[in-house]
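Undergrad: I have a structure here, written as structure tokens, and I will follow up with some questions on it.
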Amino acid sequence: MLINGILIFITQLVTILLFSAFLSDQTVEKITTALITIQMITNFLPFFSALARRVRDSTRSGWFTFVFLIPYVGLFILLILLLLPTNKKYNLSE
Numbered sequence: 005m006l007i008n009g010i011l012i013f014i015t016q017l018v019t020i021l022l023f024s025a026f027l028s029d030q031t032v033e034k035i036t037t038a039l040i041t042i043q044m045i046t047n048f049l050p051f052f053s054a055l056a057r058r059v060r061d062s063t064r065s066g067w068f069t070f071v072f073l074i075p076y077v078g079l080f081i082l083l084i085l086l087l088l089p090t091n092k093k094y095n096l097s098e
């Protein structure tokens with residue numbers, strides 16, 4: 005999460021520095037928004053697969069990764085699932 009924040013900051017800074025002298029403010033905002041959206045989409049898939057793998061390591065189904073969609077409590081439930089120790093004897097893929 006921290007790396008994503010740093011990448012978004014760098015993307016905004018580079019976009020503003022490179023394009024602000026040549027383009028209008030609205031165009032710079034659109035370019036920045038497009039670059040950040042692309043960056044977030046490309047980071048979501050590896051994050052989600054690692055999250056599913058970690059939940060499976062705690063002897064739960066990979067579908068438990070969707071628990072974060074529950075408003076207010078979903079992230080807390082997911083945090084608890086991620087903090088559970090791994091079970092090396094139990095493997096859901098077998």
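Start counting the sequence shown at 5; every next residue gets the next number (the working numbering).
Ideal Cβ positions, reconstructed from N, Cα and C, are used throughout, including at glycine.
Contact between the segment 29 to 42 and the segment 58 to 65 is defined here as three or more beta-carbon pairs at a separation below 8 Å; is this criterion met?
TA: no
Undergrad: Under three-state DSSP, which class holds Pro50?
TA: Here residue 50 corresponds to residue number 46 of the sequence shown, with the count starting at 1. It is helical.
Undergrad: In terms of alpha-carbon separation, which member of Ser28, Thr69, Phe26, Thr37 lies closest to Gln16?
TA: Working through the sequence shown from its first residue, we reach residue 16 at position 12. Taking only the C-alpha atoms, the option nearest Gln16 is Thr37.
Undergrad: Do Ala56 and Thr41 have their CB atoms nearer than 8 Å?
TA: For the purposes of this step, residue 56 is taken as the residue at position 52 of the sequence shown. For the purposes of this step, residue 41 is taken as the residue at position 37 of the sequence shown. Not a contact, by the Cβ cut-off of 8 Å.
Undergrad: In the DSSP assignment, the alpha helix (DSSP H) including Gly78 goes from what residue to what residue?
TA: Residue 78 sits at position 74 when you count from the first residue of the sequence shown. First-last of the alpha helix (DSSP H) with Gly78: 78 to 87.
Undergrad: Is the beta carbon of Leu86 less than 8 Å from the beta carbon of Arg58?
TA: Here the question's residue 86 lines up with position 82 in the sequence shown. Here the question's residue 58 lines up with position 54 in the sequence shown. Going by C-beta atoms, Leu86 is nearer than 8 Å to Arg58.
Undergrad: Leaving out the 5 sequence neighbours to the left and right, which residues in its chain are closer than 8 Å to Leu79 when beta-carbon positions are compared?
TA: Here residue 79 refers to the residue found at position 75 of the sequence shown. Taken in chain order, the residues that qualify are Phe72.
Undergrad: What three-state label does DSSP hand Leu21 in the structure shown?
TA: Indexing the sequence shown from 1 puts residue 21 at position 17. If DSSP states are grouped into helix, strand and coil, Leu21 belongs with the helices.
Undergrad: Grab me the residues of Phe51's own chain with a C-beta within less than 6 Å of its C-beta, minus the 5 sequence neighbours each way, in chain order.
TA: Here residue 51 refers to the residue found at position 47 when the sequence shown is read from its first residue. Closer than 6 Å at Cβ, skipping near neighbours: no residue.
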